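Visitor: Just so you know, we're using numbering that gives the first Met the number 0 here: the sequence shown kicks off at 0 and counts up by one.
Glycine included, each C-beta is placed from N, C-alpha and C at the ideal position.
Values in this document were obtained by computation on a predicted structure and should not be read as measured data.
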Amino acid sequence: MKLVVAIVHTEDASALVDTLLEREFRATRLHSSGGFLKQSNATIIVGAEDDQVEAVLAIVSDQCHSRTQLVNPMPPIMEPGEFFLPYPLEVEVGGATVFVLPVERSERI
Ligand code: 2BA
Numbered sequence: 000m001k002l003v004v005a006i007v008h009t010e011d012a013s014a015l016v017d018t019l020l021e022r023e024f025r026a027t028r029l030h031s032s033g034g035f036l037k038q039s040n041a042t043i044i045v046g047a048e049d050d051q052v053e054a055v056l057a058i059v060s061d062q063c064h065s066r067t068q069l070v071n072p073m074p075p076i077m078e079p080g081e082f083f084l085p086y087p088l089e090v091e092v093g094g095a096t097v098f099v100l101p102v103e104r105s106e107r108i
C-alpha cells in the first residue's frame with residue numbers, strides 16, 4: 000500500500016476529492032499553507048493499493064491546474080534617501096506537488 004500526498008491549489012481541492020470519491024478512493028483533505036507564498040493550499044492524502052497509485056495520480060493530473068501568482072518581494076533595508084520600487088514577482092504554482100510514500104501498516108479500527 001502507498002500513501003499519496005498531493006499539495007494542491009484550494010480551488011482544485013473540492014473537485015479532486017469529489018472525483019476521487021466517485022472513483023471509490025478514500026481521501027482526506029487537510030488545510031495547509033505554502034511556506035513560500037504563505038497562502039492557503041490543500042493537502043489531499045489518499046491511501047491506495049500499489050496498483051491503484053497511477054490511477055490516483057491520473058485523477059490529480061486531470062483535476063489540478065497550474066496558475067501564476069504574483070508575490071511582492073520584501074523591501075531591502077534602505078539607507079536614508081534611497082528609493083525602492085517593488086516589482087511584483089510572478090511564480091507558477093502547481094498543478095500539484097505529489098509525494099508517494101510506502102505504508103508499513105494500515106488499520107481501520
Ligand atoms: P509555496 O511554498 O507557497 O510555493 C508556491 C510556489 O512558489 C511554488 O509552486 C514555486 O513555484 C514557488 N517557489 C517556492 N519556493 C520558492 C523559492 N525558494 N524561490 C522561488 N520560487 C519558489 P510549487 O512548486 O507548485 O509548490 C506549490 C506548493 O506545494 C508550495 O507552496 C508548498 O506548499 C508545496 N511544496 C512544493 N514543494 C514542496 C516540497 N519539496 N516539500 C513540501 N512542500 C512542497
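With the cut-off set at 8 Å, would you say residue 118 and residue 29 are in Cβ contact?
Guide: The shown model of the chain, from 0 to 108, leaves out residue 118, and the question about it has no answer.
Visitor: Flag this pair as yes or no: are the beta carbons of residue 58 and residue 22 separated by less than 8 Å?
Guide: Sequence index remark: in the sequence shown, residue 58 carries index 59 (1-based). Sequence index remark: in the sequence shown, residue 22 carries index 23 (1-based). Contact flag set, yes.
Visitor: Applying the criterion that 16 or more other CB atoms from any shown protein chain within 10 Å of the CB defines a buried residue, is residue 90 buried or exposed?
Guide: Within the sequence shown, numbered from 1, the residue matching residue 90 stands at position 91. Answer is exposed; the Cβ neighbour count stays below 16.
Visitor: In angstroms with no decimal places, state the Cα-to-Cα distance between residue 35 and residue 56.
Guide: The residue given as residue 35 occupies position 36 in the sequence shown. The residue given as residue 56 occupies position 57 in the sequence shown. When rounded, the distance between both Cα atoms is 24 Å.
Visitor: Quick check: the Cα distance between residue 10 and residue 78, rounded to an integer number of angstroms?
Guide: Residue numbering aside, residue 10 sits at position 11 when the sequence shown is read from its first letter. Residue numbering aside, residue 78 sits at position 79 when the sequence shown is read from its first letter. So the two alpha carbons sit approximately 41 Å from each other.
Visitor: Helix, strand or coil, according to DSSP, for residue 58 in the structure here?
Guide: By 1-based counting over the sequence shown, the position of residue 58 is 59. DSSP places residue 58 in helix when its eight states are reduced to three.
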